[in-house]
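Below: one structure, written as structure tokens.
Residue numbers (the working numbering): 25 to 165.
Dropping the structure here:
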């Protein structure tokens, strides 16, 4: 096993703030937002339209968290009516785009294998439950 590089933070320590960032990045909505913004700034309504099934509340909360972490910027343009708000990746957020695209493409490429593994697992678990239930019924007789 290769040695880990030394950093000021250690993600394996229970109180390390890097865990909060990892938790944020592991969120499906955050990943989808960051991936969508890789092509350029977008308005809230466009993000909501493009990211199917995300609620307005969750989109708002996730955008605020990503902005707080310095991964996206929020630009308000008050010169038009109505006021427009655009979200864009910051340089820090842009450093994640290749990694996020790799995850997204991996999921798309391997989804059939994942679904097959899930089906096999579920079938084995069901067979095990049925065997245990049959054993209990047999003992009760």
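Heads up, the beta-carbon is just placed ideally off N, CA and C, and yes, glycines get one too.
Express the C-alpha separation of residue 76 and residue 42 in angstroms, rounding to a whole number. For the purposes of this step, residue 42 is taken as the residue at position 18 of the chain shown. For the purposes of this step, residue 76 is taken as the residue at position 52 of the chain shown. Approximately 29 Å between the Cα atoms of the pair.
Buried versus exposed call for residue 36 [16 or more other C-beta atoms within 10 Å across all chains shown]: As a position in the chain shown, residue 36 is number 12, starting the count at 1. With fewer than 16 other Cβ atoms within 10 Å, it is exposed.
Euclidean distance between Cα positions of residue 113 and residue 70: As a working note, residue 113 is residue 89 in the chain shown. As a working note, residue 70 is residue 46 in the chain shown. Approximately 15 Å between the Cα atoms of the pair.
Which word fits residue 158, buried or exposed, when buried means at least 16 other C-beta atoms lie within 10 angstroms of its C-beta? Taking the first residue of the chain shown as position 1, residue 158 is located at position 134. Label assigned to residue 158: exposed.
Alpha carbon of residue 101 to alpha carbon of residue 138, nearest angstrom: By one-based count along the chain shown, residue 101 stands at place 77. By one-based count along the chain shown, residue 138 stands at place 114. Each residue's Cα considered, the two are about 44 Å apart.
Which of the three DSSP states, helix, strand or coil, is assigned to residue 28? Counted from its first residue, the chain shown places residue 28 at position 4. Residue 28: coil per DSSP, three-state reduction.
Hey, residue 98 and residue 109: beta-carbon distance below 8 Å or not? As a first step, residue 98 must be located in the chain shown, where it is residue number 74. As a first step, residue 109 must be located in the chain shown, where it is residue number 85. It is a contact, given that the beta carbons lie within the stated cut-off.
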